[in-house]
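Trainee:
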Amino acid sequence: EIGPEGLAGDAHAGDWHRMVSLLALESVDKMRAAGLDVNPGDFAENLTTRGLDLLALPLGTRLRVGDEVVLELTQHGKECHTRCAIYYQAGDCVMPREGVFAKVIRTGTVRVGDPVEVLGPEEGP
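In terms of the numbering used here, the sequence shown has 105 at position 51, counting the first letter as 1, and numbering is strictly consecutive.
#1: Along the chain, where does the alpha helix (DSSP H) containing VAL82 start, and where does it finish?
#2: From the DSSP output, in three-state form, read off ALA67 for me.
#3: Does the Cβ of VAL25 have 16 or more other Cβ atoms within 10 Å, making it buried, or fewer, making it exposed?
#4: For LEU90, which of helix, strand or coil comes out of DSSP?
#5: Mapping DSSP to helix, strand and coil, what is ARG151?
#6: State the CB to CB distance for the pair LEU79 and THR103, rounded to an integer number of angstroms; the pair is presumed to be in contact (CB under 8 Å).
Below is the structure:
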């Protein structure tokens, strides 16, 4: 369930621009190809997408997730102030470079396998 401030109990939840974090499965696959045993969710991302170049989308782009949720991209990448377990295992982590963040425009339920669709400027609430 994605509420007005993101996922309840999540570190990113709150009234700010990084309510929801997203990472492409292709980024996870890059780390796997480098020999790491990682899976979607291991980078603390809230949503993992497939077949969508998140970094190519300009800030302000809206995404529909499933039938209900609408997110608006607010940030590409992030600064990691502390090193995560993946960094210590591999000497690298893709989230600071390839993760994106969004604010919630429309709340709702998201399920595994829900499609993620880029909305046109006139779409969304």
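Every residue gets a Cβ at the ideal spot worked out from N, C-alpha and C, and that includes glycine.
Mentor: This is what the structure holds:
#1: 79-87
#2: coil
#3: Residue coverage of the chain in this structure runs from 55 to 179, which leaves residue 25 outside it and unanswerable.
#4: coil
#5: helix
#6: 7 Å
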